[in-house]
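Written out below as structure tokens is the structure these notes cover.
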Amino acid sequence: MGQLRVHTFDWSGGWVRKSPWSVAYSRLPFADSRNLCLKLQWHTSLPPPCKELHLYGKGRGNERISCASGSASFLPALISPPEEPVLKAPPDPALANRDLLPIGLSERNFSVWDFWSLWVGLVVGVPTYYLAGSLVELGLSWWQGIATVVIGNILLLFPLFLSGHAGVKYGIPFPVIARASFGVRGAHIPAVLRALVACGWFGIQTWLGGQGIHVLFNTLLEGRLSSCSITFLGTTLSEWVCFFSFWLFQIAILWDGVDGIRKFEKYCAPLLIVMSVALLTWAYITAGGFGSALLAPSWSIGSAMERRRFWKVFFPALAANIGFWSTISLNISDFTRHAKHQVDPILGHTGLPIFMGLFTFLGLAVTSSSEIIFGRVISNPIELLGQIGGVLPVIASVLGLTLATLTTNVAANVMASANALANLSPRIFSFRVGAIVTAVIGVIFGPWQFMKSSESFISTWLVGYSALLGPLSGITLVDYYIIQKTNLDLDALYTTNPNGKYWYTQGYNLSAIAALFLAVIPCIPGFLHTIGLLKEVPIVLLAMYDNAWMFGFIAAGLMYWAMVVVPQFWNRRPATSEDGQNSN
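In terms of our numbering, the sequence shown has 58 at position 56, counting the first letter as 1, and numbering is strictly consecutive.
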């Protein structure tokens, strides 16, 4: 009789990680002496529903477990403290650099408050404000708009929770996690798609920040800024100068890396909350209330016609809200890898629907009040700043807008793109180099084009890219939880050895790529219809595009599962009498 510690075992057909376990073992008189019977007793602070487990198997890796009393719980394994990630062999230089290697527990410094601060910094910004006004412009009432935002972000919590687990457990970023599902080389596909969306958002946020600076200087100079038009770009020279000034300021912040982003978010979060409350208070006092829009009756959806009208707007609006942060839900492991415990990001992510709901109300309330204050509805916050008047109020407002834009841009967009570029070529792209490339591509995107109208912002931009990100989330989550069962081979993620677990076919998992391709195709006609290239599109395809993220998530996940699991099921060897004896 002896004692040993078991950290990984197979339970109910799935790999589950539990630690620590005290194991008493003894050999049984089986014909095969390698068979062991292990009696496990769980010693943790969490009371398990199953106190005693009996493990049967043929040595390593293929054990089965039966429960002596009750049934074991999967939840403690998901929230158990991570172990120190260790690579047993040197990583391939073509697949690793400092930003892609696992982060040790001693180097992690993100707490619950850091995640809440992150979400405050991400949420409080011009795009969220603009999104709130856009929902009302599409026909939703103020309370319907807020409800749509909150529902969409509550739904998004589930992929956020699930996607962040691998980051905490292994200390690795999204591009490395994607190697398990798409292959060591195929991981470039989801990483590049995520990076392109991040570059587009970086350009949009930088343009909005530059517009805020333009408003400030135009006020200080009493409207005497140069208005020399650059016609082929559809903007003015002074706007371009402000745009690039803000662009350079962000590069300076990013030069300090991830820790600089964490500190910036942490210290700016309280200031952003104070400034948001100040703006809301100013609107309420100046207007003598929040205006007619908040007091107006909402759509009555009692009749069939009004129900059709409501649902026609609601589902695209819901898809847009899910798509709004589906970017972060895909690569949230880039942040959770800096957490020491699974509970920290789980509690921290609960701030998303709370802050989104509150800031959406602020945007709608201030927009409504602008009708009383200025005689017309002003849904663009930058235009609103230009109407406030007075040097000190404008300076304070632009400072708040600039901070809000910075906190969103450097965290939500640069992190994903820089890591994706590092995954493409670790030798060339460090975090700093990746951040600069992201900033350059963001300008090439022409961000001012997406801000022309609510329709282009929501239906073209938000819903459009969610058709790409939804399938990626579905595939990576199905692979991690159902195929890999939350157990990744760290060394195999950093090797180009053809015998490696994640090498698949020349480094590409064709099943994942096919599932992605097949899930995106049905959304293409709806996108082409939205931008005016197709006039007639079947209503089914339009519905798929209007719900692009949810459709892609479910469709790609199911197809990937079918391509991987079904062949394994049919190729499984028949059970032997010895297997039946061992499982009893």
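Every residue, glycine too, gets a C-beta built ideally from N, C-alpha and C.
| request: Consult DSSP for A319 and reduce its assignment to one of helix, strand or coil. | output: Helix.
| Sub-8 angstroms separation of A514 and F112 beta-carbons | No, they are not a contact pair.
| message | Mapping the DSSP letters down to three states, classify T497 as helix, strand or coil. | response | Of the three classes helix, strand and coil, the one that applies to T497 here is coil, per DSSP.
| What does a CB cutoff of less than 6 angstroms around T329 pick up in its chain, not counting 5 residues either side in sequence? | Residues of the same chain with a CB within less than 6 angstroms of the CB of T329, apart from the 5 flanking positions on each side, are V199 in chain order.
| query | Any idea which residues DSSP pairs Y510 with across the strands? | reply | Beta-bridge pairing links Y510 to T507.
| In its own chain, which residues sit with a C-beta less than 7 angstroms from the C-beta of I477, not counting the 5 before and 5 after it? | Result list for I477: S183, A514, A517, L518, A558, G559, Y562, in chain order.
| Between the CA atoms of I324 and S468 - distance to the nearest angstrom | Those two C-alpha atoms are separated by around 8 angstroms.
| query | Is the segment 366-378 touching the segment 90-104 in the sense that three or more CB pairs, one from each, lie closer than 8 angstroms? | reply | Verdict: no, contact absent.
| How many angstroms separate the CA atom of R575 from the CA atom of P569? | Unreliable placement is indicated for R575, whose pLDDT of 45 sits below 50; no coordinate value is reported for it.
| Would you report the Cα separation of P524 and D548, rounded to the nearest angstrom? | Between P524 and D548, the C-alpha separation is close to 11 angstroms.
| If we ignore side chains and look at the alpha-carbon of each, how far apart do R29 and N489 end up? | Confidence in R29 is poor, its pLDDT being 34 and thus under 50, which makes the residue's placement too unreliable to answer from.
| task | Below 8 angstroms CB to CB, which residues in the same chain sit around V194 once its five sequence neighbours on both sides are set aside? | result | Once the five neighbours on either side are set aside, the close Cβ partners of V194 are A422, L426.
| task | Identify whether G304 lies in helix, strand or coil by the three-state DSSP scheme. | result | Confidence at G304 is low in this model, with a pLDDT of 47, below 50, so its placement is unreliable and no value can be given for it.
| Among the residues of its own chain, which have a CB less than 7 angstroms from the CB of F163, if the five just before and after it don't count? | Excluding positions up to five away in sequence, the list reads I348, H351.
| With a cut-off of 8 angstroms, do at least 3 Cβ pairs link the segment 438-446 to the segment 146-163? | Not touching, per the Cβ criterion.
| Under the three-state DSSP convention, the category F447 falls into | F447: coil per DSSP, three-state reduction.
| task | Taking 8 angstroms as the threshold, find out whether the segment 495-502 comes into contact with the segment 170-189 through three or more Cβ pairs. | result | The segment 495-502 is in contact with the segment 170-189.
| said: Between which two residues does the alpha helix (DSSP H) holding K171 run? | reply: DSSP places K171 inside the alpha helix (DSSP H), whose first and last residues are 144-172.
| said: So for F112, helix, strand or coil by DSSP? | reply: Strand, per DSSP.
| request: Alpha carbon to alpha carbon, how far is S475 from G154? Give it in angstroms, no decimals. | output: Their backbone Cα atoms lie some 16 angstroms apart in a straight line.
| task | Starting from T404, follow the alpha helix (DSSP H) in both directions and report where the run begins and ends. | result | Looking at the DSSP string, the run of the alpha helix (DSSP H) that includes T404 is 393-411.
| query | Which residues in the same chain as W551 place their Cβ atom closer than 6 angstroms to its Cβ, once the five residues preceding and following it in sequence are excluded? | reply | These residues qualify, in order along the chain: A321, I324, G325, S328, S468, G472.
| request: Determine the DSSP secondary structure at T238, reduced to helix, strand or coil. | output: DSSP places T238 in strand when its eight states are reduced to three.
| said: Taking CB distances under 8 angstroms as the criterion, tell me whether C270 reaches chain C. | reply: Absence of chain C from the displayed structure is noted, only one protein chain being present.
| query | What is the rounded straight-line gap between the Cα of L543 and the Cα of F433? | reply | When rounded, the distance between both Cα atoms is 40 angstroms.
| task | Inspect the beta-carbon positions of S381 and E85 and report whether they are closer than 8 angstroms. | result | Not a contact, by the Cβ cut-off of 8 angstroms.
| request: Can you have a look at I553 and say buried or exposed, based on whether 16 or more other CB atoms are within 10 angstroms of its CB? | output: It should be noted that the sequence gives Phe, not Ile, for residue 553. So F553 ends up on the buried side.
| said: Between which residues of its own chain and N415 is the CB-CB distance below 6 angstroms, once the five residues before and five after are set aside? | reply: Correct list, in chain order: A200, W203, F204.
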